[in-house]
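Asker: One structure coming up, written as structure tokens, with questions to follow.
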Amino acid sequence: MITGRYADVIVDISHEKVDRPFQYRIPQPLLGKISPGMCVVVPFGKGDRERTGYVIGVTDRPGYDEDKIKEILRIADKGVSAAGSQIRLAAWMRERYGSTMITALKTVLPVKQRMRAQTKRRISLAVSSGEAESIIMECRRKHQNARLRLLETLFSKKEIAYEYAVRTLSVTPAVIRALEEKTIIAVSSEVFYRNPVREAAVGAGAKEQTVVYSSQQQTVIDHVLADYRAGRPGTYLLHGITGSGKTEVYMELIAGVTALGKQAIVLIPEIALTYQTVSRFTSRFGSRVSVMHSRLSAGEKYDQWERADKGEIDVMIGPRSALFTPFSRLGLIIIDEEHEASYKSETMPKYHAREAACELASYYGASVVLGSATPSLESYYASETGLIRRYELTKRLTGGQLPQVYVEDLREELRRGNRSIFSSRLQRLLEQRLAAGEQSMLFLNRRGYAGFVSCRACGHVMKCVNCDVSLSEHRNGRLVCHYCGYEQPAVTVCPECGSKYIAAFRAGTEQIEECLHRMYPQARVLRMDADTTRRKESYEEILAAFAGGEADILVGTQMIVKGHDFPNVTLVGILAADLSLHAGDYRAGERTFQLLTQAAGRAGRGKKPGEVVIQTYQPDHHSIRYAAAQDYQGFYAEEMGYRELLGYPPSAHMLAVLILSGEESTGRELAERLVRETAGALSVSSYREKKVQVIGPAPAGIGRIAGQYRTVFYGKCSDMTALIYIKDRLEAFLDEQKTQGESVQFDFDPMNSY
Ligand code: ADP
Ligand code: ZN
Ligand code: ZN
Numbered sequence: 203m204i205t206g207r208y209a210d211v212i213v214d215i216s217h218e219k220v221d222r223p224f225q226y227r228i229p230q231p232l233l234g235k236i237s238p239g240m241c242v243v244v245p246f247g248k249g250d251r252e253r254t255g256y257v258i259g260v261t262d263r264p265g266y267d268e269d270k271i272k273e274i275l276r277i278a279d280k281g282v283s284a285a286g287s288q289i290r291l292a293a294w295m296r297e298r299y300g301s302t303m304i305t306a307l308k309t310v311l312p313v314k315q316r317m318r319a320q321t322k323r324r325i326s327l328a329v330s331s332g333e334a335e336s337i338i339m340e341c342r343r344k345h346q347n348a349r350l351r352l353l354e355t356l357f358s359k360k361e362i363a364y365e366y367a368v369r370t371l372s373v374t375p376a377v378i379r380a381l382e383e384k385t386i387i388a389v390s391s392e393v394f395y396r397n398p399v400r401e402a403a404v405g406a407g408a409k410e411q412t413v414v415y416s417s418q419q420q421t422v423i424d425h426v427l428a429d430y431r432a433g434r435p436g437t438y439l440l441h442g443i444t445g446s447g448k449t450e451v452y453m454e455l456i457a458g459v460t461a462l463g464k465q466a467i468v469l470i471p472e473i474a475l476t477y478q479t480v481s482r483f484t485s486r487f488g489s490r491v492s493v494m495h496s497r498l499s500a501g502e503k504y505d506q507w508e509r510a511d512k513g514e515i516d517v518m519i520g521p522r523s524a525l526f527t528p529f530s531r532l533g534l535i536i537i538d539e540e541h542e543a544s545y546k547s548e549t550m551p552k553y554h555a556r557e558a559a560c561e562l563a564s565y566y567g568a569s570v571v572l573g574s575a576t577p578s579l580e581s582y583y584a585s586e587t588g589l590i591r592r593y594e595l596t597k598r599l600t601g602g603q604l605p606q607v608y609v610e611d612l613r614e615e616l617r618r619g620n621r622s623i624f625s626s627r628l629q630r631l632l633e634q635r636l637a638a639g640e641q642s643m644l645f646l647n648r649r650g651y652a653g654f655v656s657c658r659a660c661g662h663v664m665k666c667v668n669c670d671v672s673l674s675e676h677r678n679g680r681l682v683c684h685y686c687g688y689e690q691p692a693v694t695v696c697p698e699c700g701s702k703y704i705a706a707f708r709a710g711t712e713q714i715e716e717c718l719h720r721m722y723p724q725a726r727v728l729r730m731d732a733d734t735t736r737r738k739e740s741y742e743e744i745l746a747a748f749a750g751g752e753a754d755i756l757v758g759t760q761m762i763v764k765g766h767d768f769p770n771v772t773l774v775g776i777l778a779a780d781l782s783l784h785a786g787d788y789r790a791g792e793r794t795f796q797l798l799t800q801a802a803g804r805a806g807r808g809k810k811p812g813e814v815v816i817q818t819y820q821p822d823h824h825s826i827r828y829a830a831a832q833d834y835q836g837f838y839a840e841e842m843g844y845r846e847l848l849g850y851p852p853s854a855h856m857l858a859v860l861i862l863s864g865e866e867s868t869g870r871e872l873a874e875r876l877v878r879e880t881a882g883a884l885s886v887s888s889y890r891e892k893k894v895q896v897i898g899p900a901p902a903g904i905g906r907i908a909g910q911y912r913t914v915f916y917g918k919c920s921d922m923t924a925l926i927y928i929k930d931r932l933e934a935f936l937d938e939q940k941t942q943g944e945s946v947q948f949d950f951d952p953m954n955s956y
């Protein structure tokens, strides 16, 4: 039991500059009842205004003059109280990624307000019939008509629904409360939790297992569970192509851990969180499974939180934020598709779910399993350096062979006079599919900016002389590097081959759809992109229509690469493999490899073999070569060499400091002061030896969003602690500054360019 007399409280006033705990005395009646994570009401500031706050610690020693310490008023009934470990995680996130404590707390407590739980309330008489009769007579005499209506009804019906009293009898809640307080009537309530898992999906639970695991699957299952049972929880990387049985392994591991009375969190990228996926888990674990996703109502989210808090569920499935499910017996965290960029938060604190999961797991002695067909360089590097264990699943268990992949050189097509979006091979194969009644998918890689400048004759891409990333064309026509700010005038002829076919790369799904209609008027085409999926359900509707054979060709952006299985798809065309190569950041090659590998994996999932056409201007780029060869290790080795050479993560670490400002000049000035401060801080610290490289400041790639100018600079260093030190020093520096509405964000090992 916690017996401390003082509590350290973080007060919820994020708009003011208060970012440290305040100490409060715990009043006599609350002694022993206050614990970390609780939400309390305290007097704050000169006027002692009532504020809510989170208790982050309880102590017996006053930190100030005893007389000046104010008292906690009460435990707040608003706001979900967090477990101590969530507060601890918030404190870690604050320190590791930079943000205020309140923002970090709000991140780990995503259900901000206690929603009123859904209840069914009923009213009944709390007095004998004799007493009731005399009260009714008194009401009649005093002309208390509402009371009269209610009591007369109760006299004859014994019990009515609360809603009936309010709506039909027009009795106000105040009247009901008054009668309840006088114990003339009683109001009972029964709580209902909304369950977002559709009833049909919840099978009997614990369905009989008929799967015989492959020896590769069995090895992972045995090792992970044996480690866990022996009190040696670990982090594991499960590297296996789509269809190699990773999900089956996850479920068996969950079964093993829940059998010990523990709970599991399964992170799945929102886009892959389909009905199909969730129902696989519910048919195995029944109603002990719940799901969180952005389409749930606030009430549904709150209820899942409550069910988890009360220990009514064992398995939570959801995107990044499901990590913060308040489980008190956490035993296992699974991160599927761990390479996905969506696991990194884009708002402060900019945490990575993989790192936060490992931290959280350490509080509980839980294990972490990372799964992917194309692991992030970070995770694979960790497995190569022995930090985490790696297991490979190399066989596709549903049958079906790996597809045949062709790389089509678009420069060559141009030379032969083919100026259409489709290479001659892709046209030939499309026609075959249409004739045979088989389905095709055309994938337009639209990730990153379309602003890079390339030559259609030789494939040359304009790059920064310092950073080896693509230059982007700005509206003023200049070519700019978004890391270091290097600029040069636009070019009209290719510096490599002299061709005049050099320009910013642009293409859209609509153009492709039109082109298909022109070339194959008989073909039924479905399009899926940000425009056609704006409505809530349209994403699943389009996929379902295509799966149901309602179209011959599905055209889309990276959205079509994930989720559903389409056994009748035997051809996948990747139209602009190069686009994501030139997103202007150091992860572009990795992302391209992942996208191409995933897209290629969509072909030939059924009985018929599949073919894949990758169209590119750079057939020699390692991301494209290795994706075509389905060779992860080859890709990893070459990409890692490049990261090591240039000091990019995971061989070193990078901190992006983003400055947002209303005026371009003030943002620039603040950025320059921060760069000077960084240099100054480093020169007098023990990190002087660490060779932190500071790059920039430069205008960000997207220089202005919602009226705010964005300026960015970077720090690179092999030692993460040196970068965290810089962040701390800059935070302290900013605290003392009178800024003019500028704000500063930190991002460690960024996923995207700014
Ligand atoms: P992944 O998650 O790697 O894509 P899944 O676990 O979804 O792979 O498995 C792909 C398919 O193979 C599923 O239909 C699954 O039921 C099936 N499967 C997995 N493991 C086995 C097994 N040991 N024996 C038979 N079928 C299996
Ligand atoms: Zn050229
Ligand atoms: Zn540069």
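Residue numbering for the sequence shown follows the working numbering, beginning at 203 and increasing consecutively.
All C-beta atoms in this analysis are idealised placements derived from N, C-alpha and C, irrespective of residue type, glycine included.
Comparing the C-beta of residue 686 with each C-beta of chain D, is any distance below 8 Å?
Answerer: Protein chains in the displayed structure number just one, and chain D is not present.
Asker: Tell me which residue opens and which closes the alpha helix (DSSP H) that residue 453 is part of.
Answerer: The count along the sequence shown starts at 1 and reaches residue 453 at position 251. Unbroken alpha helix (DSSP H) run through residue 453: 448-460.
Asker: Does residue 404 come out as helix, strand or coil in the three-state DSSP assignment?
Answerer: Locating residue 404 in the sequence shown gives position 202, counting from the first residue. Reliability fails at residue 404, whose pLDDT of 46 lies under 50, so the model's placement of it is uncertain and the value that follows must be treated cautiously. Residue 404 falls in the coil class under three-state DSSP.
Asker: Which first and last residues belong to the beta strand (DSSP E) in which residue 949 is found?
Answerer: Residue mapping note: residue 949 aligns to position 747 of the sequence shown, counting from 1. Where residue 949 is concerned, the enclosing beta strand (DSSP E) stretches over 945-950.
Asker: Go to residue 623, then tell me how far its beta strand (DSSP E) extends in each direction, as first and last residue.
Answerer: For this step, residue 623 is matched to residue 421 along the sequence shown. Premise fails: residue 623 is in no beta strand (DSSP E) and is neither H nor E.
Asker: Three or more C-beta pairs under 8 Å: does that hold for the segment 571-585 against the segment 428-441?
Answerer: Yes, the segment 571-585 touches the segment 428-441.
Asker: Between residue 782 and ligand 2, is there a pair consisting of the residue's CB and a ligand heavy atom that are separated by less than 7 Å?
Answerer: What you label residue 782 is simply residue 580 of the sequence shown in a count that begins at 1. It does not: the Cβ of residue 782 is nowhere closer than 7 Å to a heavy atom of ligand 2.
Asker: For ligand 4, any of its heavy atoms closer than 7 Å to the Cβ of residue 698?
Answerer: Annotation note on ligand 4: not contained in the displayed structure, which lists ligand 1, ligand 2 and ligand 3 as its ligands.
Asker: So for residue 194, helix, strand or coil by DSSP?
Answerer: Look at the range of the chain in this structure, 203 to 956, and you will see that residue 194 is not part of it.
Asker: Run the CB neighbour count on residue 339, radius 10 Å, all protein chains shown included, and call it buried at 16 or more, exposed below.
Answerer: As a first step, residue 339 must be located in the sequence shown, where it is residue number 137. With fewer than 16 Cβ atoms within 10 Å of its Cβ, residue 339 is classed as exposed.
Asker: Mark residue 408 as exposed unless 16 or more other C-beta atoms lie within 10 angstroms of its C-beta, in which case mark it buried.
Answerer: For the purposes of this step, residue 408 is identified with residue 206 of the sequence shown, where counting begins at 1. Low confidence applies to residue 408: its pLDDT is 46, below 50, so where it sits in the model is not reliable enough to give any reading.
Asker: Just tell me which of 893, 946 and 360 has its CA closest to the CA of residue 329.
Answerer: Here residue 329 refers to the residue found at position 127 of the sequence shown. The residue with the shortest Cα to Cα distance from residue 329 is 360.
Asker: Starting from the C-beta of residue 373, find all residues in its chain whose C-beta is less than 6 Å away, skip the five residues before and the five after it, and write them out in chain order.
Answerer: As a working mapping, residue 373 is identified with position 171 in the sequence shown. Within the same chain, residue 373 has close Cβ partners 348, 352 and 367.
Asker: Quick one, which of 612, 607, 574 and 956 has its alpha-carbon nearest residue 596's?
Answerer: Reading the sequence shown from its first residue, position 394 is the one you call residue 596. The shortest Cα separation from residue 596 among 612, 607, 574 and 956 belongs to 574.
Asker: Around ligand 1, what residues have a beta-carbon under 6 Å from a heavy atom of it, in chain order?
Answerer: The answer, residue by residue, is 413, 414, 415, 416, 419, 442, 444, 445, 446, 447, 448, 449, 450, 599 and 600.
Asker: State the Cα-Cα distance for the pair residue 854 and residue 932, rounded to the nearest angstrom.
Answerer: For this step, residue 854 is matched to residue 652 along the sequence shown. For this step, residue 932 is matched to residue 730 along the sequence shown. Each residue's alpha carbon lies about 21 Å from the other.
Asker: DSSP on residue 692, reduced to helix/strand/coil?
Answerer: Against the sequence shown, residue 692 aligns to sequence position 490. Coil.
Asker: Can you tell me whether DSSP reads residue 684 as helix, strand or coil?
Answerer: In the sequence shown, the residue the question calls residue 684 occupies position 482. Coil, per DSSP.
Asker: Less than 6 Å between C-beta atoms, sequence neighbours within five positions excluded: which residues of the same chain meet that for residue 870?
Answerer: Here residue 870 is taken as the residue at index 668 of the sequence shown, counted from 1. Within the same chain, residue 870 has close Cβ partners 913.
Asker: Does DSSP put residue 786 in a helix, in a strand, or in coil?
Answerer: By 1-based counting over the sequence shown, the position of residue 786 is 584. Residue state, collapsed to three classes: coil.
Asker: For my contact list, residue 793 and residue 643 are in at a C-beta cut-off of 8 Å; report their separation, rounded to the angstrom.
Answerer: The residue you call residue 793 lines up with position 591 of the sequence shown. The residue you call residue 643 lines up with position 441 of the sequence shown. Incorrect: roughly 19 Å between the Cβ atoms, too far for contact.
Asker: Specify, as a first and last residue, the run of the alpha helix (DSSP H) that residue 606 falls within.
Answerer: As a position in the sequence shown, residue 606 is number 404, starting the count at 1. Careful: residue 606 lies outside any alpha helix (DSSP H), inside the beta strand (DSSP E) at 606-611.
Asker: Under 7 Å from any heavy atom of ligand 3, does the C-beta of residue 685 make it?
Answerer: Counting from 1 along the sequence shown, the entry for residue 685 is found at position 483. Yes, since a heavy atom of ligand 3 falls inside the 7 Å radius drawn around the Cβ of residue 685.
Asker: Would you kindly work out how many angstroms separate the C-alpha atoms of residue 840 and residue 851, rounded to a whole number?
Answerer: Counting from one through the sequence shown, the residue named residue 840 turns up at place 638. Counting from one through the sequence shown, the residue named residue 851 turns up at place 649. Taking the straight line from one Cα to the other gives about 14 Å.
Asker: Would you mind sorting residue 248 into buried or exposed? The rule is 16 or more other CB atoms within 10 Å of its CB.
Answerer: Numbered from 1 along the sequence shown, position 46 holds the residue referred to as residue 248. Exposed, because fewer than 16 other Cβ atoms sit within 10 Å of the Cβ of residue 248.
Asker: Does the distance from the C-beta atom of residue 859 to that of residue 915 stay below 8 Å?
Answerer: For this step, residue 859 is matched to residue 657 along the sequence shown. For this step, residue 915 is matched to residue 713 along the sequence shown. Closer than 8 Å, so yes.
Asker: Would you say residue 430 touches ligand 3, meaning its beta carbon is less than 7 Å from a heavy atom?
Answerer: The sequence position of residue 430 within the sequence shown is 228, counting from 1. No.
Asker: Do residue 920 and residue 862 have their beta-carbon atoms positioned less than 8 Å apart in this structure?
Answerer: The residue you call residue 862 lines up with position 660 of the sequence shown. The residue you call residue 920 lines up with position 718 of the sequence shown. It is not a contact, given that the beta carbons lie outside the stated cut-off.
Asker: Any chance the segment 510-518 sits against the segment 547-564, with 3 or more Cβ pairs inside 8 Å?
Answerer: The segment 510-518 vs the segment 547-564: no contact.
Asker: Can you pull the DSSP bridge partners for residue 594?
Answerer: Start at 1 with the first residue of the sequence shown, and residue 594 comes out as number 392. Note: residue 594 sits in a beta bridge opposite 441.
Asker: State the Cα-Cα distance for the pair residue 413 and residue 599, rounded to the nearest angstrom.
Answerer: Stepping through the sequence shown from its first residue, residue 413 is reached at position 211. Stepping through the sequence shown from its first residue, residue 599 is reached at position 397. Cα-Cα distance, rounded: 11 Å.
Asker: I'd like the list of long-range same chain contacts for residue 567, defined as Cβ closer than 6 Å, with 5 residues on each side in sequence excluded.
Answerer: Stepping through the sequence shown from its first residue, residue 567 is reached at position 365. Only 435 meet the Cβ criterion.
Asker: Opposite residue 913 in the DSSP bridges: which residues?
Answerer: The residue you call residue 913 lines up with position 711 of the sequence shown. Partner(s): 861 and 901.
Asker: DSSP on residue 744, reduced to helix/strand/coil?
Answerer: Counted from its first residue, the sequence shown places residue 744 at position 542. DSSP places residue 744 in helix when its eight states are reduced to three.
Asker: Going by DSSP in three states, residue 479 sits in which element: helix, strand or coil?
Answerer: The residue you call residue 479 lines up with position 277 of the sequence shown. In the structure shown, residue 479 sits in a helix (DSSP, three-state: H, G or I).
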